[in-house]
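Whatever position you read off the sequence shown (first residue = 1), add 658 for my numbering.
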Amino acid sequence: MLKHSRDVSFLAGVVYFCQGSLGISGVALPLFLRSLKWSVAEITAVSSIAAFPWVLKILYGLLSDCCPLAGYRRKSYLILFSLLSAAGWCGLIFFPSEKNWILIALLMTNLGFAATDVITDGLIVEHSTDFSSHIYQSIAWGARSAGAMVSGILGGWLASRFHPQIIFALTALLPISVTACALWILEKKIPRGPFTSAFIPVKRCFTLLLKPNLQFFCAILFLISVSASFGIPFFFHLKEKLGFEETFLGLLSSLGWAGAMAGSLIYARWLRRIPLKITLRWAILFNCLNIFSTLLIADKWSAAMLVILGGVMGCLVMLPVMSAAASLTHHTGVEGTLFAVLMSVFNLGQIGFGFLGGQMASRIGLYPLITLAGMVALSGLFFTARIDIHDAGTASA
């Protein structure tokens, strides 16, 4: 497969840059749904349901680990699923503007990129060591931040000038570029996967997940995702209550990801040598502070400054979490599948909190919802005190 770390780094950079660049439709898509007379609760509900493929990461991990497609474990699946994602964005253009059809198109886009994300994660984990896992995660998040930074302001500018269908067509080009990258990969054909049955890696994964160490980490992943509870309601608060125009909303997205890119550089330069358990504890505190900081956004200046700071803190939340996940799954023999399971827990938390928050915002108000989310996020400190990142039992099971 990919034998050199630079090859893995390049692939991760391309995939995650494209994933971050999906923000080109980040302003146009919710405004398009709003133009169809959907309520904020309806947009939140459909968005949460459409994100469900991100919970099924274990299935994509199993496919990649156990069932070669056309003789390839990675290359063929990257091509297949990136084309599926592109087809979903085209579906938003050509399908009828009805709720069921829009949901189908969004499910296709999410399924395609969720699978490519898992396959790329599997490659990163396979080549990760205690030293290189920090580097790969920094590259991945730096590339994602760069893509999102560029696409945020571009997406806002496009949303203020062009019809959403044009923006969806441009977005479809991103997964197609992943297909081109996948064609470039040199991978040796194999007649079958390393496992005689898919139940073998599944059994091994769930044996590992029964260990308290991974259970505590799953709880941390779930609680980290609580910030998703107010994402869509807060977007429409900025648009409809504070009166931010599309271009400025896109600029805010770019500023946030610029902060995240700075955060990835800070982590790679100064924090990656600090024990993961310590940085994981800091991640919980940063997540809590980041959530509460949104309460201070009152105008464009405060929004710009706090979004940049939030981007830095958000990256310093996710990089220790992703590095810890890579370390916990390395040398297990089921790296791709187990890492996918852990990320599915995180995505399930995002979907669950996102759906719940969309319903609660109209009942208790946005600011009480944000305050409650911050308090829930802080409870993650209880689990960081009990986790051992270097648990030898995890790697040897």
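Quick reminder that beta carbons are idealized off the backbone N, C-alpha and C, glycines included.
Quiz item: Mapping DSSP to helix, strand and coil, what is Leu900?
Solution: coil
Quiz item: Which whole-angstrom value describes the C-beta separation of Pro711 and Ala772, a residue pair presumed to lie in contact below a C-beta threshold of 8 Å?
Solution: 5 Å
Self-check item: Touch test, the region 906–913 against the region 954–962, Cβ-Cβ under 8 Å, three pairs minimum
Solution: Contact holds: three or more Cβ-Cβ distances are below 8 Å.
Quiz prompt | Nonlocal neighbours in the same chain, by C-beta distance under 7 Å from Leu967, ignoring five residues either side | solution = Leaving aside the five residues that flank Leu967 on each side, the residues in its chain whose CB is nearer than 7 Å to its CB run, in chain order, Gly917 and Ser951.
Quiz item: Can you give the beta carbon distance from Thr1059 to Ser740, rounded, assuming they're within the 8 Å contact cut?
Solution: Here the chain covers residues 659 to 1055 and nothing more, so residue 1059 does not appear.
Exercise. Identify, in the order they occur along the chain, each residue of the same chain with its Cβ nearer than 8 Å to the Cβ of Ala983, setting aside the five sequence neighbours on each side.
Key: Phe875, Leu879, Phe997, Leu1000 and Met1001
Practice problem: Note down the Cα distance separating Leu694 from Glu700, rounded to an integer number of angstroms. | Solution: Computed Cα separation, rounded: 11 Å.
Quiz item: Can you tell me whether DSSP reads Ala1050 as helix, strand or coil?
Solution: Legend: pLDDT at Ala1050 = 34, less than 50; position of this residue unreliable, value from coordinates given subsequently. Ala1050: helix per DSSP, three-state reduction.
Quiz item: Whole-angstrom Cβ separation of Gly678 and Ala804, contact assumed at under 8 Å?
Solution: With a Cβ gap of about 7 Å, Gly678 and Ala804 count as contacting.
Exercise. State the start and end residues of the unbroken alpha helix (DSSP H) segment that holds Cys839.
Key: Pro822 to Trp842
Self-check item: Buried versus exposed call for Thr778 [16 or more other C-beta atoms within 10 Å across all chains shown]
Solution: buried
Practice problem: Look at Ile939 and Thr1042 and say whether their C-beta atoms are less than 8 Å apart. | Solution: In the sequence as displayed, the identity of residue 939 is Arg instead of Ile. Against a cut-off of 8 Å, the Cβ pair of Thr1042 and Arg939 comes out as a contact.
Quiz item: Using the C-alpha atoms, what's the distance from Ala838 back to Asp723?
Solution: 22 Å
Quiz item: Can you give the beta carbon distance from Ser683 to Ile825, rounded, assuming they're within the 8 Å contact cut?
Solution: Rounded to whole angstroms, the Cβ separation of Ser683 and Ile825 is 5 Å, and the two are in contact under 8 Å.
Quiz item: From which residue to which residue does the alpha helix (DSSP H) around Ser755 run?
Solution: Careful: Ser755 lies outside any alpha helix (DSSP H) and carries neither H nor E.
Quiz item: Quick one: what's got a C-beta closer than 6 Å to Ile848's C-beta in the same chain, skipping five residues either side?
Solution: Pro726
Quiz item: Taking contact to mean at least 3 C-beta pairs separated by less than 8 Å, is the region 797–811 in contact with the region 919–936?
Solution: yes
Quiz item: How about Val975 and Phe1004: do their beta carbons lie closer than 8 Å?
Solution: A distance of 8 Å or more separates the beta carbons of Val975 and Phe1004.
Self-check item: Cβ-based neighbour list, Arg692, same chain, cut-off 6 Å, excluding 5 preceding and 5 following
Solution: none
Practice problem: Under 8 Å by Cβ, that's how I've got Met1018 and Leu1027 pegged, so tell me the actual separation to the nearest angstrom. | Solution: 5 Å
Quiz item: Which residues mark the beginning and the end of the alpha helix (DSSP H) in which Ser951 is found?
Solution: Leu934 to Ser951
Quiz item: If you run the structure through DSSP and keep just helix, strand and coil, what is Leu694?
Solution: DSSP, reduced to helix, strand and coil, places Leu694 outside both helices and strands of the structure shown, so it counts as coil.
Quiz item: Does the distance from the CB of Gly601 to the CB of Thr995 come in under 8 Å?
Solution: As displayed, the chain neither begins before 659 nor continues past 1055, which places residue 601 out of reach and without an answer.
Exercise. Quick one: grab the DSSP three-state call for Leu714.
Key: helix
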